[in-house]
Structure formats: structure tokens, C-alpha cells
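Novice:
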Amino acid sequence: MREKLLLIMIVFLWGWVAAGQADFITKDEYARMLYQNPRGIGCDKCHGKHGEGMVLSSFIKDGQIVELRAPKINNIPIKRFYNSFEKKSNLMPVYFLTDKEKAYLYYYLTKTNEKERIVSDVN
Ligand code: HEC
1 MREKLLLIMI
11 VFLWGWVAAG
21 QADFITKDEY
31 ARMLYQNPRG
41 IGCDKCHGKH
51 GEGMVLSSFI
61 KDGQIVELRA
71 PKINNIPIKR
81 FYNSFEKKSN
91 LMPVYFLTDK
101 EKAYLYYYLT
111 KTNEKERIVS
121 DVN
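Numbering (our numbering), first residue to last: 1 to 123.
#1: Can you name the start and end residues of the beta strand (DSSP E) that Met33 belongs to?
#2: Mapping the DSSP letters down to three states, classify Arg2 as helix, strand or coil.
#3: Grab the span of the beta strand (DSSP E) containing Phe24 for me, first residue to last.
#4: Looking only at DSSP bridge pairs, what is Ala70 linked to?
#5: Pairs of beta-carbons, one from the stretch 84-104 and one from the stretch 37-54, closer than 8 Å: are there three or more?
#6: Comparing alpha-carbon positions, which option in Leu56, Arg32, Phe81 and Met33 lies nearest Arg99?
#7: Going along the chain, which residues of its own chain have a beta-carbon closer than 7 Å to the beta-carbon of Glu67, five neighbours each way excluded?
#8: Given 6 Å as the limit, tell me if Ala31 has its C-beta closer than that to any heavy atom belonging to ligand 1.
#9: So does Met54 have its beta carbon nearer than 6 Å to some heavy atom of ligand 1?
#10: Could you check the C-alpha separation between Ser89 and Ile25 for me, to the nearest Å?
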């Protein structure tokens with residue numbers, strides 16, 4: 001009986017600690033998670049890990065190679081960033097993000113990324 005009680009207490013405590021840790025994510029981590037999983041397809045799937053832009057697909061039309069691209073979004077003005085969610089697009093999905101979430105996404109793209117800028121960002 002005693003062991004059982006102890007076991008329950010340990011499980012309870014462990015759960016409590018784990019839950020506490022889940023709460024304790026940094027601003028940078030939250031921003032990155034939102035970018036990768038914004039209640040819909042991750043922005044990274046089209047715009048790249050750091051918002052550097054990506055070629056989504058290419059095809060040949062009239063003998064020319066046509067590239068379908070998601071643009072670079074880690075160096076655009078904040079107003080343009082916010083406005084882009086109001087526009088209708090044939091390619092980019094519609095997201096239902098709060099202003100706070102958009103702010104975090106913008107923060108991720110412009111601030112946290114500065115540390116890990118990659119070569120493809122140069123173009
Ligand atoms: C399925 C691919 C796809 C996904 C996923 C996607 N986008 Fe886009 N996005 C595009 C394309 C393509 C454009 C270029 C404009 C157009 O065709 O609508 C674009 C345009 C933009 C622009 C405007 C860029 C400019 O220069 O004005 C912003 C900002 C943007 N996306 C941010 C995001 C964010 C933030 C997310 C995640 C919440 C996201 N996108 C998810 C494909 C995508």
C-alpha cells in the first residue's frame with residue numbers, strides 16, 4: 001500500500017514537473033514553433049527554414065523553364081508582412097492568426113534568424 005502511494009506521488013510529481021517545463025519555453029522557441037506549425041501547413045514548408053524563400057516547383061512552358069517560388073520573407077517591412085495575410089493568393093493558404101502571433105512570426109523571421117542566417121539568404 002505504501003509503495004503504491006509512493007508510486008502515485010512520483011508519477012504525480014513527474015507530471016507536474018513536465019507540465020511546468022512545457023510552460024517554460026522561451027520567446028525564441030515559441031516563435032520558431034509557430035513558424036513551423038501555425039495551425040496549418042508550416043511556413044517553412046514553402047518559405048524555407050529561415051524565410052529565405054524556396055522554389056516550390058518548376059515546369060516547362062513554351063520551351064521555357066518556369067519556377068514557382070515562395071518569396072523570401074525575412075527582410076520585408078513589417079507593414080508588408082501584416083498586409084500579406086489579407087491578400088488572396090492562389091498558392092499561399094489562408095491562416096487565421098492573431099496579431100500577436102503575426103508579431104511572433106515577424107520576430108522569428110527578422111530577429112532570431114539573424115544569428116543563423118544561411119548562405120542562400122544572400123540572394
Ligand atoms: C503552400 C506554400 C506557402 C505556405 C505554407 C506559406 N506561404 Fe507565404 N507565400 C507563398 C507564396 C507562393 C507567396 C507569393 C505570393 C503569392 O503567390 O500569393 C507567399 C507570400 C507571402 C508573403 C508576402 C511576401 C512579400 O514579399 O510581400 C508573406 C509575408 C508570407 N507569404 C508569409 C507566410 C507565413 C508567415 C506563412 C506561415 C504562417 C506562410 N507564408 C506560409 C507560399 C506559401
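We put the beta carbon where it would ideally sit given N, CA and C, even for glycine.
Specialist: Per the coordinate set shown:
#1: Premise fails: Met33 lies in the alpha helix (DSSP H), Lys27 to Gln36, not in any beta strand (DSSP E).
#2: helix
#3: That residue, Phe24, is in no beta strand (DSSP E); it is neither H nor E in DSSP.
#4: Met54
#5: yes
#6: According to the sequence provided, residue 99 is Asp. The question's Arg does not apply to it. Nearest C-alpha to Asp99: Phe81.
#7: Val55 and Ser58
#8: Outside the cutoff, so no.
#9: No, the Cβ of Met54 stays beyond 6 Å of every heavy atom of ligand 1.
#10: 33 Å
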